[in-house]
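*Asks:* Dropping a structure here in structure tokens format, bear with me for questions.
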Amino acid sequence: MALADLHVHSVHSEHPSEWFLQRIGAAESYTDPAYIYSTALENGMNFVTITDHNRISGALLLQKEHPEVAFISVESTVYFPEDGCKIHLLMYGISEDQFKEIQKLRKDVYSLRDYIIEENIAYSVAHATYSVNNKLNITHLERLILLFDIFESHNGGRNKYHNETWLQSLKSLTPEIIEELRKKYDIEPISNDPWIKGFTGGSDDHAGFFISKTYTYGEAETIDEFLEQIRDKRTLAGGRFNDYKSLAFTIYKIAYDFSKTKSGGLPHPIIQQFSDSLFEKKSSSFFSKIKIISFLHRKKLKEDPIKRKIYETIQSIQNSAYTTMEDKLNYIYNQLSDISDELFIRLTNKVLEDLKSGDLFNIVKGLAGTLPGIFVSIPFFSTLKHMFSGRELLNELEERFIKKQKKSKKILWFTDTITDLNGVSFIVKKIAQLAFERKLDITLVVSLKQEEMKNLNLPPTSINISSIYEIELPLYASIKIRIPSVLSTLNIISQYQPDEIYISTPGPIGLTGLLMSKLMSIPVTGIYHTDFKKQYEAIDEDGTIKELIENSIRWFYMNMDRIKVPTQEYIQILAKRGYREEKMSIFRRGIEEDIFFPLANARENMKLKYSLSESTYLLYAGRISKDKNLSFLCQVFEQLQRKHKKIKLLIAGDGPYLEEIRNEKSNNQEIVFLGKIERDMLPLLYAGSDLFVFPSTTDTFGMVVLEAQACGLPAVVSNIGGPKEIVIHEETGFILEADHNEEWVKTLDGLISKINQNDEQIKQMRISSHENIIKTCNWDIVLEDITGKSENLEKSAENNQIPKW
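So for the sequence shown, the numbering used here puts the first residue at 7; every next one is plus one.
Laid out in structure tokens, this is it:
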């Protein structure tokens, strides 16, 4: 068995395609041909070649020095003449004269293909699914299938998904598919059995890190026999695939090598030693170590955590023996992540401090000071995007050739708020739990402390991202927003490789989800749960803040591929604010029928539990904040008290406005503040009360209204916002003009009178409330809409029965 790395670059290669290297003026590679040769043999390769871009000088040198094991090869940039789409074609065992002719013909892939046939050149199409100049599409790949028979199935510079999707597509070819393509493009296949393909592999190494870690193997003893094995489609490939981290370090290595070509090298002693430790095999000298310690002491930076972390990293690398280069690079990545986090924490503290003092100069100065850290991080973002580019093309390949059985989507669901007692948190947790129980691939992404994770009892599949900073929301001090560790998060999410991302909140975790969707080229859906603009209008009259919030939120959601909105009402509201209507669709909701239903004896049990005297009970449940319009509700209730002696307003919930309104209404014994109510106790309140009153004009949906109606409780809601689409006017409740005191008092007065008279309309309204919700709200439909997979779960007859009153 003979082995060879059939895709390696050296210092003789052409200019780089990576923008970062172009910007600093670096070459594509600085690896010496002699190093490639010695490393390949050390790693068990039988034959050695170099495949520089449109150059053979490095391969020629190697072949002249080691003719028994080395041969001349090239990676040519080849064009489809009809549209200028570039591909890379590897050609092996060529002569100098053949190279000259290849250079002339590479502007036309069809002419070059004919020349390859004529000269019987061993070749392989390199990383076929990588769009070199952003013009590649499925039609180019279909034509390549006809034009060529040998393809690179293992490219060490591409990730596993790219490599394996292409390999499976080629293995799925049939004579029928080939004939269909021949007729479609009028191209004669290159061989008599073009549905059978040959495969090669190579590291595509540019930095000397992974030479021969990806390879081609076949039965051969000489170079000529090995090349013949390639031509006859009898070689196979094996070895490692790439990831964004190793690709980024490759760029770092090339930039480092570039710096060594300049006089003086890297100027900063710590950066110099950090780079030497990472990229050089030799350890730093005793003099160099003393130099670093002296530098730290002289600058009084011994206690600086960032400088200290760099020094500790250097020491650790020099004193540790890493089994593989991957182990070494992973360690460095984790250390860089910690350094990046420390830089961000330092910056945030400084900016917040300067904001308080109003020192704008220091704010700008502080931001400028983070540029070196940003510069170091950019290649990781760039390479992650590079690794996941072309995802739509891969999806087309799977549908066209592999034809996999349709499966549910692999979804990551990002949310900043999961600990709050609100509809957003409940819905997200419910979907995650149901998905886990039904083995659907929906994974929650949160940032919580360990004790919070335990208390919330989230599905074990949930991803908990570590946070580096915690901020209290202005005007919502009880809500903590956590900022995640960015490089750590990149690593976690990239390994999960989702098909789609859902985002519930426009906070730091939501922004992280949006960033990952753009970097990984996957669809992203935003759930518009909360109208922050209206909330802040109700809480704070400062128009500047309101507009700033609205502009930021609109930017966030307009970067989504789809926006799921709770109600048709809100689709129209958002459209008027400048959101694109074609992106928006209804976000369905479900109800837990086994929890929210008309409980027997609920009234007596509720009175007993909360020590309530017999009255007509008006219930409000939800967040206690100014934007919920509770002050208006209390005014309406106090007017009703003048007409009805035995009525109580029960206010259930917690929030930033609770203490203030409780103090304001402390003299009214009939307004009862129940405080925070556990979710499993809510049905007792809903079923035990007489009317649900919800005057909010800021809710996009109103989950509590849905729950109350499911328990058979008629609801009175505002005509502004989402709750009005839950209630059927005069059938399951009433929809009243927002903030219209007279209409609310009149309607509630009439309803209270009918309740006291045990009126038939009230009984029917309670039955209709429950029936309507059971018919229209179903978690199975919600999950099917999200995943695209129908569970076909039949409801039991018991769940479908209407309760007896």
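Every residue gets a Cβ at the ideal spot worked out from N, C-alpha and C, and that includes glycine. The model shown is predicted, which means the values in this text are computed figures rather than measured ones.
Where do the N-terminal and C-terminal ends of the alpha helix (DSSP H) with V17 fall, by residue?
*Replies:* It is not in any alpha helix (DSSP H) - V17 carries neither H nor E in the DSSP assignment.
*Asks:* How do the stretch 633-649 and the stretch 674-693 stand: do at least 3 beta-carbon pairs fall below 8 angstroms, yes or no?
*Replies:* These segments touch.
*Asks:* So is the beta-carbon of D633 under 7 angstroms away from any non-hydrogen atom of the ligand ZN?
*Replies:* Absent from the structure shown: the ligand ZN. Ligands present: none.
*Asks:* Who are the Cβ neighbours of D755 in its own chain at under 7 angstroms, not counting the five residues just before and after it?
*Replies:* Here the set comprises L646, K649.
*Asks:* Does the beta-carbon distance from V80 to T57 come in below 8 angstroms?
*Replies:* Yes.
*Asks:* Nearest by alpha-carbon distance to I100: which of Q541, V75, Y129, Y116 is it?
*Replies:* Checking every option, the nearest Cα to that of I100 belongs to Y129.
*Asks:* Just reading off the beta strand (DSSP E) that T425 is part of, what are its end residues?
*Replies:* That residue, T425, is in no beta strand (DSSP E); it is neither H nor E in DSSP.
*Asks:* Report the three-state DSSP secondary structure of T206 (helix, strand or coil).
*Replies:* Strand, per DSSP.
*Asks:* Which whole runs of the beta strand (DSSP E) in the stretch 146-228 are 3 residues long or more, in chain order?
*Replies:* Listed in chain order, the complete beta strand (DSSP E) runs (minimum 3 residues) inside the stretch 146-228 are 156-161, 204-208, 220-224.
*Asks:* Is A254 closer than 8 angstroms to A32 when the C-beta atoms are compared?
*Replies:* In this structure, A254 does not lie closer than 8 angstroms to A32 by Cβ.
*Asks:* Which stretch, first to last residue, makes up the alpha helix (DSSP H) that contains A261?
*Replies:* A261 -> alpha helix (DSSP H) spans 250-266.
*Asks:* Candidates S209, L664, R188: which alpha carbon is nearest K166's?
*Replies:* Nearest of S209, L664, R188 to K166, Cα basis: S209.
*Asks:* From Y41, K141, G207, H59, pick the residue whose C-alpha is nearest to that of Q109; which is it?
*Replies:* It is H59.
*Asks:* Looking only at its own chain, which residues have a Cβ that is under 8 angstroms from the Cβ of Q578, when we skip the five neighbours before and after it?
*Replies:* Correct list: empty, nothing qualifies.
*Asks:* From the DSSP output, in three-state form, read off G596 for me.
*Replies:* The answer is coil: DSSP assigns G596 none of H, G, I, E or B.
*Asks:* For D505, collect the residues of the same chain with a Cβ closer than 6 angstroms to its Cβ; drop the 5 residues on either side in sequence, then sort them by chain order.
*Replies:* So the qualifying residues of the chain are K415, K416.
*Asks:* Tell me the DSSP secondary structure of R568 in three-state form.
*Replies:* Correct three-state label for R568: strand.
*Asks:* With burial defined as no fewer than 16 other Cβ atoms inside 10 Å of the residue's Cβ, what is the status of N461: buried or exposed?
*Replies:* Exposed: under 16 other Cβ atoms inside 10 Å.
*Asks:* Kindly list the residues whose CB is nearer than 8 angstroms to the CB of Y475, restricted to its own chain and excluding five residues on each side of it in sequence; keep chain order.
*Replies:* Only F350, I351, T354, R488, I489 meet the Cβ criterion.
*Asks:* According to the Cβ coordinates, are T116 and T55 closer than 8 angstroms?
*Replies:* First, the residue type needs correcting, since residue 116 is Tyr and not Thr in the sequence shown. No; because the gap between Cβ atoms is not below 8 angstroms, this pair is not in contact.
*Asks:* DSSP three-state label for L39, please.
*Replies:* It is worth fixing the name first, because residue 39 is Pro in this sequence and not Leu. The answer is helix: DSSP assigns P39 an H, G or I state.
*Asks:* Around the C-beta of Y328, are 16 or more other C-beta atoms found within 10 angstroms, so that it is buried, or is it exposed?
*Replies:* The residue in question, Y328, is exposed, as its Cβ has fewer than 16 Cβ neighbours within 10 Å.
*Asks:* Excluding the 5 residues preceding and the 5 following N336 in the sequence, name in chain order all residues of the same chain whose CB lies nearer than 8 angstroms to its CB.
*Replies:* The answer, listed in chain order, is K251.
*Asks:* Does DSSP put Y663 in a helix, a strand or coil?
*Replies:* In this structure, Y663 counts as coil in the three-state DSSP scheme.
*Asks:* Please classify R406: does DSSP put it in a helix, a strand, or coil?
*Replies:* Looking at R406 - three-state DSSP - the assignment turns out to be helix.
*Asks:* Tell me whether the beta-carbon of H212 lies closer than 8 angstroms to the beta-carbon of E20.
*Replies:* Cβ distance not < 8 angstroms, so H212 and E20 don't count as in contact.
*Asks:* Using a Cβ-Cβ cutoff of less than 7 angstroms, which residues in the same chain neighbour F285 once the five nearest sequence positions on both sides are dropped?
*Replies:* Here the set comprises K259, Y262.
*Asks:* Using the Cα positions of M7 and P73, report the straight-line distance between them to the nearest angstrom.
*Replies:* Near 20 angstroms, if we compare the C-alpha coordinates of P73 and M7.
*Asks:* Mapping DSSP to helix, strand and coil, what is G739?
*Replies:* Here G739 sits in strand by DSSP.
*Asks:* Taking 8 angstroms as the cut-off, decide whether the C-beta atoms of F812 and G708 are in contact.
*Replies:* The structure shown does not extend to residue 812, since the chain is modelled only from 7 through 811, so no value can be given for it.
*Asks:* DSSP on L464, reduced to helix/strand/coil?
*Replies:* It is coil, neither helix nor strand.
*Asks:* Leaving out five residues before and five after K540 in sequence, what residues of the same chain have Cβ atoms less than 6 angstroms from its Cβ?
*Replies:* Correct list, in chain order: T704.
*Asks:* Could you compute how far the alpha carbon of N401 sits from the alpha carbon of N784?
*Replies:* Going by the C-alpha atoms only, they are around 31 angstroms apart.
*Asks:* Who are the Cβ neighbours of M459 in its own chain at under 7 angstroms, not counting the five residues just before and after it?
*Replies:* Taken in chain order, the residues that qualify are N470.
*Asks:* Let me know if L554 comes out buried or exposed under the rule of 16 or more other beta-carbons within 10 Å of its beta-carbon.
*Replies:* The residue in question, L554, is exposed, as its Cβ has fewer than 16 Cβ neighbours within 10 Å.
*Asks:* Ignore the nearest five residues each way along the sequence and tell me which others in R188's own chain have a CB closer than 8 angstroms to its CB.
*Replies:* Excluding sequence neighbours, R188 sits near L152, E194, P195.
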